[in-house]
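Trainee: Can you keep this structure in mind? I'll have questions shortly.
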Amino acid sequence: MTLNRRRFLTASAAATGALAMPTWALGQTGPIRMGTVLDVSGIFDAYGTPMDMAQRLAVAQINADGGLLGREVEIVGYDTQSDMALYTQFAQRLVRQDRVDVVQGGVLSASREAIRQTLRRAETLYFYNVQYEGGVCDRNTFINGVTPAQQAEVLVPWAMSESGPRVYILAADYNYGQITARWIQKFVADNGGETVGVDFFPLDVSDFGSTIARIQTAAPDLVVAPLVGGAHLSFFRQWAAAGMNQRIPLASTTMGVGNEHRVLTAEEGNGIMVAYNYSQGLDTPANNAFKEAWTAAYGDTNLIHEIAVSHYMGVQLWAEAVRRAGTVDRMPVIEALEDNLSIEGPSGVMTIDPQTHHAILDVHKMVFNNQEMELVETLPQRPPVDTQAVCDLIANPDENTQFEIEI
Amino acid sequence: MQGDARRDTGLAVILGAVLILGLPLIADTNMLTLLVVYGMLALSLGLIWGFGGILCFGQAAFFGLGAYTFAIAGINIGESTLPLILAVLVPAAAAALLGAFMFYGRLGDVYLAVITLVFSLILFRWLSTTAGPAYVIGNARLGGYNGIPGFPLLNVPGYPRWELWGDPLYYVAAAALLIVFLLVSWLLRSSFGRIAIGIRENEERVSLLGYDIRARKTVLFAIGAGIAGLAGALFAAWAEVVTPSLFGLQQSAEIIIWCIVGGLGTRFGPVLGAAVLTWVKIVLGGQGAIDNMLVMGLILVLFVLFLPRGIAPELARLWGWVTGGTRRPARRRAPRGGTADG
Amino acid sequence: MDLSVVILIEVLYAIASLILISAGLAVVFGMMKVINLAHGEFMVLGGYTTITAVGLGVNIFVAMLIVAPIVVGLFGLIVERLVFRHLYGRMIDTMLASWGLSLMMIGGFKMIFGNTTTGVAGPIPGFTVGNYQVNGYNLFIIVVSVLLLLAMLALLRGTRFGLIARGTMQRADMAAAMGHSPDRIYMMTFALGSALAGLAGAVLAPLVGLVPTAGAAFIAKAFITVIAGGPVLVAGLASAAGTFGLVNQVFSFLVSPVVGDVALLVTAIVLLRLLPRGITARFFRGRL
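Residue numbers (the numbering used here), protein chains in the order written: chain H, 1 to 407; chain R, 1 to 342; chain V, 1 to 288.
Written out as structure tokens, the structure is:
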């Protein structure tokens with residue numbers, strides 16, 4: 001890891017050198033400071049470390065193209081060590097001591113809610129770039145991760161058409177899982193199906209034997225499993241070990257976000273249906289260029305996952321807004337973003353929805369096949385309908401809350 | 001004897017004041033607040049374990065209860081004075097119940113450890129499953145794994161808008177630690193404290209002298225929990241978020257390590273241990289070369305093997321040696337090596 | 001009917017896995033009065049050993065049943081020589097030292113294997129009971145734990161090592177006077193306990209994914225089972241695991257796995273309050 005980063009720094013230094021641009025030429029007011037808080041160590045580092053790599057790649061590319069407004073971009077990054085208490089501390093340090101121009105980061109929803117108010121009070125623009133449960137309504141905050149409606153609205157009807165109307169839901173027991181489960185129930189009902197059972201599991205449950213028996217008594221046609229983290233991975237393993245993967249199809253809104261499809265064997269994973277904004281398998285020029293740049297920086301593409309890419313996109317969205325606004329000041333940048341700002345990146349076209357500050361993005365139906373996610377169909381430019389139903393920042397720009405969406 | 005106590009108090013106040021005012025010159029108050037809070041938490045276990053002989057594997061439970069009480073009461077009440085008081089009382093009451101359950105059952109050392117451990121695991125488990133909208137106390141959503149953000153911070157009593165954070169929070173927390181330290185010193189000098197130490201040394205003998213051991217242990221346990229609860233409330237005010245990990249095994253483990261490294265059976269040792277180890281952890285956390293837990297584990301093993309009495313007694317000996325060796329360090333035996341059959 | 005068979009299998013499996021994860025701890029605690037809080041990490045080491053060995057092309061059963069116990073047993077031997085032998089008779093100190101060891105091992109796992117979930121696929125296919133599919137691997141775990149209990153009984157009762165070990169545990173000075181070095185007996189017992197932990201971790205690895213911190217989930221359950229079981233080794237293990245496994249699975253099936261876990265913990269508290277020296281201190285005195 002450290003070795004990779006060092007190798008990458010050399011690579012990006014070489015890139016800057018090749019442009020033969022002396023650093024003093026980059027503006028007179030010093031570098032633009034981008035603050036970041038990410039879990040680069042601790043139990044969530046599987047999410048945070050690739051995000052950190054992605055943001056360094058993005059910034060290196062921006063600087064190699066001459067920086068922003070003629071100034072170099074500098075990362076002021078803190079490792080929050082998967083400890084929620086450290087988020088508020090580092091966020092305060094970023095705004096009070098380091099006086100950064102923007103903050104990017106946060107991994108879990110808990111970490112985002114821990115720092116969102118601090119950044120709002122300090123009038124520092126904030127980007128949260130992770131798939132989450134939806135509903136945040138705050139003009140100071142931009143979110144480009146997929147929300148449950150964007151995924152479930154695509155995934156549920158498709159998975160039901162591949163299997164049948166009776167659906168059993170297994171979800172991780174925290175905000176994300178609870179809300180996602182409710183959305184799945186809604187889309188099951190909308191498509192003429194029936195939810196025959198819902199179970200929630202804390203993140204450290206790893207024994208699903210009794211659950212698998214329970215599912216069989218309910219005899220569903222389809223199991224939708226927004227399960228999260230390492231312990232929950234054993235569900236998919238035990239499901240296959242019981243031979244259930246031959247009997248009842250599985251769909252998930254989370255499986256594969258941390259590259260879990262590489263951890264499961266082909267027999268265990270094959271056939272699981274998912275819907276995401278990004279897959280390494282996307283064969284577009286932008287994605288191929290991204291993967292090449294990543295390989296040049298870090299050696300291989302093993303660690304790239306959806307969240308890393310959305311974090312990369314978050315940095316690029318902010319950079320584009322700064323270019324359009326011609327300044328790093330908060331309000332002009334927000335207004336530039338609200339002007340339906342749109343960029344194209346490895347995951348396709350991403351457009352800011354001014355009403356919610358969420359992203360309108362492409363969603364890809366995919367199915368696991370031999371430890372890869374195989375593209376089935378791309379649905380372009382899906383709006384975040386869940387958050388749109390409750391949040392209107394154009395009408396109420398002072399809104400500052402996370403709505404629980406009534407379904 | 002009286003003069004001794006007065007000198008002890010005076011020394012603690014002077015030393016405490018010097019440290020409180022001097023440390024911000026060399027370190028950032030944000031980190032110092034955390035060291036102070038953990039110091040208080042360590043003191044709470046140091047009191048019941050080091051002087052009462054009660055090995056509690058779940059001290060984090062009371063720390064977490066204090067933090068959650070502070071957050072939940074704060075959201076419902078809208079200011080922080082009453083929540084702060086509740087954050088002491090609720091854990092103390094919980095500890096009184098649990099303590100009565102254990103001590104009246106005459107449970108031995110190891111069994112006590114298991115039950116306190118299980119108690120904190122149950123809280124951890126239960127709070128982790130409260131993400132749904134059904135889990136509400138007043139206006140406060142328990143929030144499950146994500147915890148509770150956005151509760152009122154510590155404020156000047158009566159003035160909810162004067163919130164204390166940053167430097168003022170540090171001075172308040174440090175003063176609170178000093179006061180708690182003095183109260184603990186006073187408690188230990190009182191007859192209650194002397195009998196508690198007597199119980200630690202020889203339970204049967206004290207019992208034969210006619211003292212109700214069960215009641216006394218329960219009360220001491222509850223006092224320790226109250227201190228831990230206060231530390232929890234201050235922690236919540238510092239972190240601005242509370243999560244179930246406060247109840248975790250990791251947190252309980254660290255408290256015990258602080259006490260061991262600092263020196264069991266001393267008042268200052270646990271505080272010192274907590275501060276030093278937390279500082280080491282923060283420094284180590286900033287670099288990626290060697291894993292934090294590896295170092296903490298190594299420190300614990302080395303201390304148990306080579307310095308089982310902790311830093312504080314050694315410092316006291318060093319001090320005695322420097323000042324001419326007139327005062328020998330107090331020969332307080334830590335309640336280690338509980339008998340094999342529990 | 002089919003459902004009750006399935007539930008029976010699940011209950012037996014829960015009991016069996018509790019026996020597996022507690023056996024190593026029980027040997028070390030029962031014989032030496034040492035509580036090894038690094039037990040969970042010893043198990044994880046067994047799991048990682050299995051995964052590494054399978055990755056190197058070793059047959060999975062060989063890796064689980066032979067390689068992992070040997071590796072972890074040797075590791076236990078080294079640790080015992082370096083750390084624990086200096087601390088015998090100081091129960092709390094051994095507990096703390098083993099805790100330190102557990103933290104070190106977690107840190108080490110993170111540095112070596114990374115912080116992501118790894119695992120191997122289960123080697124046994126599922127089978128059908130009426131309308132239900134059952135995880136075939138559960139049966140394997142049940143068989144392994146029954147064999148393990150029998151082997152422990154046989155070792156303690158039938159062999160010379162068992163006799164000497166029991167003697168040393170009861171009166172180390174007498175055993176020493178008769179020419180058996182307690183030091184060596186303790187060393188071998190600890191290595192045996194470690195090997196059992198390695199076996200448990202290896203056997204459970206295909207079922208649950210491994211992360212460096214996975215040990216914590218095992219240690220609490222093992223600790224509770226061993227203490228609740230009390231001083232009699234095999235009977236204590238079986239009775240405590242039986243009680244907890246039954247409670248856990250019934251509540252897991254009726255409500256949810258979380259309620260199952262909480263029910264287990266509550267049962268533990270009640271049980272310890274009623275039988276403060278463990279189950280076998282009252283019901284199985286003087287047996288094995």
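A virtual CB, placed ideally from N, CA and C, is assigned to each residue, including glycine.
Since the model is a prediction, treat every value here as computed from it, not as a measurement.
1. Compare the C-beta of Leu-86 of chain R with all C-beta atoms of chain V and state if any pair is closer than 7 Å.
2. Whole angstroms are fine: how far does the CA of Leu-249 of chain R sit from the CA of Ile-117 of chain R?
3. To be precise: take each residue of the stretch 189 to 223 of chain H, compare its Cβ to all Cβ atoms of chain V, and keep it if any distance is under 9 Å. Which residues remain?
4. Note down the Cα distance separating Leu-11 of chain R from Leu-183 of chain R, rounded to an integer number of angstroms.
5. Verify the CB distance criterion: does Tyr-104 of chain R have a CB-CB separation below 7 Å to chain V?
6. List the residues of chain V whose Cβ lies closer than 8 Å to the Cβ of Thr-129 of chain R, in chain order.
7. So, does the CB of Arg-125 of chain R fall closer than 7 Å to a CB anywhere in chain V?
8. Do Pro-182 of chain V and Ala-172 of chain V come within 7 Å of each other at the CB atom, strictly closer than that value?
9. According to DSSP, is Leu-250 of chain H helix, strand or coil?
10. Helix, strand or coil for Asp-199 of chain H, going by three-state DSSP, please let me know.
11. Residues of the stretch 224 to 255 of chain V with a CB closer than 7 Å to any CB of chain H: list them in chain order, please.
12. Contact criterion: CB-CB distance below 7 Å. Does Met-255 of chain H meet it with respect to chain V?
13. Would you please verify whether the beta carbon of Thr-267 of chain V is less than 7 Å from any beta carbon of chain H?
14. What are the boundary residues of the alpha helix (DSSP H) that includes Trp-294 of chain H?
15. Could you check what DSSP says for Asp-8 of chain R in three-state terms: helix, strand or coil?
16. Who pairs with Ile-352 of chain H in a beta bridge, going by DSSP?
17. Starting from Thr-69 of chain R, find everything on chain H with Cβ-Cβ shorter than 8 Å and list it in chain order.
18. Taking Arg-308 of chain R as the query, report the chain V residues whose CB atoms sit under 7 Å from its CB, ordered along the chain.
19. What are the residues that DSSP puts in a beta bridge with Ile-343 of chain H?
20. Counting only beta-carbon separations shorter than 7 Å, does Gln-178 of chain H have a partner in chain R?
21. Between V:Val-226, V:Val-79, V:Lys-33, V:Gly-89, which has its C-alpha nearest Phe-42 of chain V's C-alpha?
22. In terms of alpha-carbon separation, which member of V:Val-11, V:Ile-15, V:Gly-55, V:Met-111 lies closest to Met-293 of chain R?
23. For Pro-397 of chain H, does the count of other Cβ atoms within 10 angstroms reach 16, so buried, or fall short, so exposed?
24. If we count the other Cβ atoms within 10 Å of its Cβ and call it buried at 16 or more, is Arg-99 of chain H buried or exposed?
25. Beta-carbon of Asn-59 of chain V versus every beta-carbon of chain H: anything under 7 Å?
26. In terms of DSSP beta bridges, what is Asn-155 of chain R paired with?
27. Using the beta-carbon of each residue, which ones in chain V are nearer than 8 Å to Leu-233 of chain H?
28. Taking the straight line between their C-alpha atoms, what separation do you get for Ala-308 of chain H and Ile-85 of chain R?
29. Would you report the Cα separation of Gly-236 of chain V and Val-27 of chain V, rounded to the nearest angstrom?
30. Using 8 Å as the cut-off, can you tell me whether the stretch 351 to 364 of chain H makes contact with the stretch 381 to 400 of chain H, which would need three or more C-beta pairs spanning the two stretches below that distance?
31. Interface residues of chain R around Gln-89 of chain H at Cβ under 7 Å?
32. Check distances from the C-beta atoms of the stretch 213 to 232 of chain R to those of chain H and list, in chain order, the residues that come in under 7 Å.
33. Just how far apart, CA to CA, sit Phe-221 of chain R and Leu-188 of chain R?
34. Between which two residues does the alpha helix (DSSP H) carrying Val-156 of chain H extend?
35. Taking the straight line between their C-alpha atoms, what separation do you get for Ala-312 of chain R and Gly-262 of chain R?
36. Where DSSP assigns a beta bridge to Gln-133 of chain V, which residues make up the other side?
Mentor: In terms of the structure at hand:
1. no
2. Reading off the sequence, residue 117 of chain R comes out as Leu, not Ile. Rounded to whole angstroms, Leu-117 of chain R to Leu-249 of chain R spans 8 Å at the Cα level.
3. Asp-199, Phe-200, Phe-201, Pro-202, Asp-204, Val-205, Ser-206, Asp-207, Phe-208, Gly-209, Ser-210, Thr-211, Ile-212, Ala-213, Arg-214, Gln-216, Thr-217, Ala-219
4. 14 Å
5. Not an interface residue.
6. Residues of chain V passing the Cβ test: Val-258.
7. yes
8. yes
9. Three-state result, Leu-250 of chain H: strand.
10. strand
11. Within the stretch 224 to 255 of chain V, the residues whose Cβ lies closer than 7 Å to some Cβ of chain H are Gln-249, Ser-252, Phe-253, listed in chain order.
12. no
13. no
14. 285 to 298
15. helix
16. H:Ala-359
17. Under the 8 Å cutoff, chain H gives no residues; its nearest Cβ is about 17 Å from Thr-69 of chain R.
18. According to the sequence provided, residue 308 of chain R is Pro. The question's Arg does not apply to it. Simply Asp-93.
19. H:Met-350
20. yes
21. V:Val-79
22. Comparing Cα positions, the closest option is V:Met-111.
23. Under this definition Pro-397 of chain H is an exposed residue.
24. exposed
25. no
26. R:Glu-163
27. Thr-117, Gly-119, Gly-209
28. Cα to Cα, Ala-308 of chain H sits roughly 45 Å from Ile-85 of chain R.
29. 11 Å
30. yes
31. Asn-30
32. none
33. 14 Å
34. 148 to 162 is the span of the alpha helix (DSSP H), which, as asked, contains Val-156 of chain H.
35. 6 Å
36. V:Thr-128
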